[in-house]
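Student: Structure in structure tokens, see below.
2 protein chains.
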Amino acid sequence: MLRIFVVLLLIAASPCLGRDAAARDTVKSGAFSMTLPLGLQGDSAYIPESNPMNEGKVELGKLLYFDTRLSKDNTVSCASCHSPYHGFADPGKVSAGVGSQLGGRNSPTVLNRLFSANQFWDGRAADLEEQAHGPLLNPVEMAMGSHADVVAVVKRIKGYGPHFAVAFGDDKVTMTRIAQAIATYERTVVTGNSAFDRYQAGDTSAMSGSAVRGMKLFHGKANCATCHASFNFTDENYRNIGVGMDKKKPDLGRYEVTKEDEDRGAFKTPTLRNIVQTAPYMHDGSEATLMAVVEFYDKGGIGNPQLSSDIKPLHLSAVDRRDLVEFLRALTGDVFNADPPGSFPQ
Amino acid sequence: MLRIFVVLLLIAASPCLGRDAAARDTVKSGAFSMTLPLGLQGDSAYIPESNPMNEGKVELGKLLYFDTRLSKDNTVSCASCHSPYHGFADPGKVSAGVGSQLGGRNSPTVLNRLFSANQFWDGRAADLEEQAHGPLLNPVEMAMGSHADVVAVVKRIKGYGPHFAVAFGDDKVTMTRIAQAIATYERTVVTGNSAFDRYQAGDTSAMSGSAVRGMKLFHGKANCATCHASFNFTDENYRNIGVGMDKKKPDLGRYEVTKEDEDRGAFKTPTLRNIVQTAPYMHDGSEATLMAVVEFYDKGGIGNPQLSSDIKPLHLSAVDRRDLVEFLRALTGDVFNADPPGSFPQ
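If you're matching them up, the sequences are chains A and B in order. Under our numbering, the letters of the first sequence match residues 1 to 346, in that order. Under our numbering, the letters of the second sequence match residues 1001 to 1346, in that order.
Below is the structure:
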């Protein structure tokens, strides 16, 4: 599987000529090695020491990620709310779990989570392994009664045994291993080699003049890069831009985790890579389009600096706003390892 | 509502300067007038004489389009499978209706259906009005028992009465009127003013060099424009490109409607506008990404000319394929009238 993955990466990179190929990074974890698409930085990868990567874990994790049998009524998988066909997010404002029950926040993307430790909008999970435990039990998501139930379901599917053996050395099924495998698969779901990356690597024909102007605004007048920083367009930090803070009972985000006043209404800065694929936007899905998001920032958010501490009006022109959107569109790259499995263990 | 709509269109067009604004078309239907985004051609609009447009119908149709109470278990609306957050299509290979039952084909987009008479992948509905009748009763979609049941549900919601009165002159609820209103709303869901349209209108900074090369391939060597023709990138005709034709029991598409041998495996050419938003692709959702679609065509489809009569290998280079994808991405435009209603009649 990894062989195919690497070959795909090489094919995808070939149009970018020698210079780009030379600039591509590799992520290593034990004997495992993964060549990253153009534009991603291997030294920013976060892989817990307790869960080194290997091909078997990637393959097992992919099967588990897409397997609806891990939900109470066999209708919901990780991919239901983090769909490969929707930038590994969900087109609903919030997601529907078993019995069409709705969650409370917009599904964040799985893309490039390789470059992040803390997970969820409020960062309450220390890593992807911890994150993977949550939705399986959440009564409005996959609604399994307990982790023991999850283990029992996977054990009952005999065909999973050999996959655990390849991944972990023996076929013992545990919740820790299930989460480790899913997290390992998720770390391979990376996106890069966007028009922006190819432009950065020297191909001036990769971005339009409008997108180039937008890039300058992004780093300058529009002040986006303060939070949407570095190669993955996120500082992995928490900010209060005021979304929903004018509601009667606002979602206080990071505050619910830290109980620190400065975290009221703060949510994790999302990556902007492939952002055109993951509408709607904001932690509550309240903005339908990228232009609406740019307009939200332009007018200084909800217009109440007390409730929206981290932004202020930008005074952009209509052309500026259009150029910014075109730059955001130029962050759309190739996603590898995204095709659902052809079949599942029985 | 129309006032807001037109104002939005004007604001959106303003960055495109005078020349673009001058090139924009208008669609008229009785006293109703709708200014189209840049790049769309008003004289190609199809509005049945029996269902002239008016503001009231647009507003009523939008409410009905997004109202899940029109499905058997109150969980599914038109927007569930034709989501404004996913280019008015569905990120599933096929869509899930009530009780998570799966349909047989990938949901086609509602975008720019204004420019089409026949609807569905196989064109079995003569217009949007006829189309709107289908999913309401389809047992794996909205699963209402009969059209009388649909009418009864809408009648029971007293708040709909005044909306019917504004739209149709009196508050009588009929299935014909429900379908007419939904179709009228759908005709306002248009996309244009893409980077491509702005480039065509003289703004050379709107498209990247890569996308411009892709555009030339699109009309030349790659031969896309034969079927994906004209301003809406579709000839509204039916073609057999072989997708799924190597299966044991292939979906025969248009043949099921006409019983003409030449229609075996033929499906309607979809528009390519906003195509980056509507993954996965093909009538069965079998291709996950635009690059996969380009590669499918490049290798001549399923490799069996007998089963795939309308295409042949293209022999594109890797750079060609990348440029084609960048051109397809440049067809992403603004969508108006896409925000779900803030509240529903009670």
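Here a beta-carbon is modelled for each residue, glycine too, at the ideal position from N, C-alpha and C. All values reported here derive from a predicted model rather than from experimental measurement.
My output table needs one value for A:Asp197: the three-state DSSP class, helix, strand or coil.
Tutor: Helix, per DSSP.
Student: Would a check of beta-carbon distances place A:His283 closer than 8 Å to chain B?
Tutor: So, not an interface residue.
Student: For A:Leu38 versus A:Asn138, is the C-beta spacing smaller than 8 Å?
Tutor: Not a contact, by the Cβ cut-off of 8 Å.
Student: When you check each C-beta in the segment 79-91 of chain A against every C-beta of chain B, which residues fall closer than 7 Å?
Tutor: Taking 7 Å as the Cβ-Cβ cut-off against chain B, the residues of the segment 79-91 of chain A that qualify are Ser83, Pro84, Tyr85, His86 and Pro91.
Student: Would you mind reading off the limits of the beta strand (DSSP E) that contains A:Thr258?
Tutor: Run containing A:Thr258: none in the beta strand (DSSP E); it sits in the alpha helix (DSSP H), Tyr255 to Thr258.
Student: Compare the C-beta of A:Ser107 against all C-beta atoms of chain B and say whether one is closer than 8 Å.
Tutor: It does not; no Cβ of chain B falls within 8 Å.
Student: If you draw a straight line from the alpha carbon of B:Asp1333 to that of B:Asp1320, how long is it in whole angstroms?
Tutor: Inspection of the sequence shows that residue 1333 of chain B is occupied by Gly rather than by Asp. Each residue's alpha carbon lies about 23 Å from the other.
Student: Spell out whether any CB of chain A is found under 8 Å from the CB atom of B:Thr1421.
Tutor: Beyond the ends of chain B as shown, which are 1001 and 1346, falls residue 1421 of chain B; an answer cannot be given.
Student: Are there 16 or more other CB atoms within 10 angstroms of the CB of A:Pro341, so buried, or fewer, so exposed?
Tutor: A:Pro341 comes out exposed.
Student: Would B:Asn1304 be called buried (16 or more neighbouring beta carbons within 10 Å of its own) or exposed?
Tutor: With fewer than 16 other Cβ atoms within 10 Å, it is exposed.
Student: The segment 196-213 of chain A: which residues have C-beta closer than 9 Å to a C-beta of chain B, in chain order?
Tutor: Those residues of the segment 196-213 of chain A that come within reach of chain B (Cβ to Cβ, closer than 9 Å) are Arg198, Tyr199, Asp203, Thr204, Ser205, Ala206, Met207, Ser208, Gly209, Ser210, Ala211, Val212 and Arg213.
Student: Residues of chain B with CB under 7 Å from A:Met291, in chain order?
Tutor: Residues of chain B passing the Cβ test: Asp1334.
Student: How many Å lie between A:Arg329 and A:Tyr281 at the Cα?
Tutor: If you take the alpha carbons of A:Arg329 and A:Tyr281, they lie about 14 Å apart.
Student: Is A:Ala279 close to chain B, meaning its C-beta is less than 8 Å from at least one C-beta of that chain?
Tutor: Interface residue, yes.
Student: Mind checking whether B:Arg1113 and B:Arg1187 have CB atoms under 8 Å apart?
Tutor: It is a contact, given that the beta carbons lie within the stated cut-off.
Student: Does the beta-carbon of B:Thr1226 have 16 or more other beta-carbons within 10 angstroms, so that it is buried, or is it exposed?
Tutor: Exposed, since its Cβ has fewer than 16 Cβ neighbours within 10 Å.
Student: With respect to the alpha helix (DSSP H) encompassing B:Ser1210, which residues constitute its N-terminal and C-terminal limits?
Tutor: Per DSSP, B:Ser1210 belongs to the alpha helix (DSSP H) from Gly1209 to His1219.
Student: Going by C-alpha to C-alpha distance, which of A:Val190, A:Val243 and A:Gln277 sits closest to A:Val27?
Tutor: When each option's Cα is compared against that of A:Val27, the closest is A:Val190.
Student: Measure how close the beta-carbons of A:Gly285 and A:Asn106 come, nearest whole angstrom, since I'm counting them as under 8 Å.
Tutor: Their Cβ separation, rounded to whole angstroms, is 4 Å, which keeps A:Gly285 and A:Asn106 in contact under 8 Å.
Student: With a CB to CB cut of under 8 Å and the five nearest residues on each side skipped, what residues in its chain are close to B:Asp1323?
Tutor: Closer than 8 Å at Cβ, skipping near neighbours: Ser1210, Ala1211, Arg1213, Gly1214 and Leu1217.
Student: Sorted by chain position, which residues of the same chain lie with C-beta nearer than 7 Å to A:Ser208's C-beta, five sequence neighbours on each side aside?
Tutor: If we look at A:Ser208 and ignore the five residues flanking it on each side, its Cβ neighbours are Glu326.
Student: What three-state label does DSSP hand A:Asp334 in the structure shown?
Tutor: Three-state DSSP puts A:Asp334 in a strand.
Student: Using a Cβ-Cβ distance cut-off of 8 Å, determine whether B:Glu1326 contacts chain A.
Tutor: Chain A contact via Cβ: present.
Student: If you measure from the beta carbon of A:Asp339 to each beta carbon in chain B, is any gap under 8 Å?
Tutor: Yes, A:Asp339 counts as interfacial toward chain B.
Student: Quick check on the DSSP output: the beta strand (DSSP E) that includes A:Thr176 runs from which residue to which?
Tutor: Careful: A:Thr176 lies outside any beta strand (DSSP E), inside the alpha helix (DSSP H) at Met175 to Thr188.
Student: Here's a check: name, in chain order, each residue in its chain whose Cβ is nearer than 7 Å to the Cβ of A:Val7, leaving out the five neighbours to either side.
Tutor: Low confidence applies to A:Val7: its pLDDT is 36, below 50, so where it sits in the model is not reliable, and the reading given next is rough at best. So no residue of the chain qualifies.
Student: Does DSSP put B:Phe1115 in a helix, a strand or coil?
Tutor: Here B:Phe1115 sits in helix by DSSP.
Student: Would you say A:Thr75 lies against chain B (beta-carbon separation less than 8 Å)?
Tutor: Judged by the 8 Å Cβ criterion, A:Thr75 is in contact with chain B.
Student: Counting only the same chain and skipping the five closest in sequence on each side, list residues whose C-beta sits under 6 Å from that of A:Val58.
Tutor: The answer, listed in chain order, is Thr184, Tyr185 and Thr188.
Student: Using DSSP with H/G/I as helix, E/B as strand and the rest coil, what is B:Ala1266?
Tutor: Strand.
Student: Taking the C-alpha atoms as reference points, what is the distance between A:Tyr50 and A:Ser116?
Tutor: It should be noted that the sequence gives Ser, not Tyr, for residue 50 of chain A. Between A:Ser50 and A:Ser116, the C-alpha separation is close to 16 Å.
Student: Between B:Thr1289 and B:Ala1279, how many whole angstroms is the CB-CB distance? I'm expecting something under 8 Å.
Tutor: Contact holds; Cβ gap of about 6 Å.
Student: Can you tell me whether A:Gly123 is helix, strand or coil according to DSSP?
Tutor: Here A:Gly123 sits in coil by DSSP.
Student: Closest to B:Met1175 by CA distance: which of B:Gly1169, B:His1163 and B:Asp1149 is it?
Tutor: Comparing Cα-Cα distances from B:Met1175 to each of B:Gly1169, B:His1163 and B:Asp1149, the minimum goes to B:Asp1149.
Student: Closest to B:Ile1311 by C-alpha separation, out of B:Asp1261, B:His1228 and B:Ala1201, would be which residue?
Tutor: Among B:Asp1261, B:His1228 and B:Ala1201, the Cα nearest to that of B:Ile1311 is on B:His1228.
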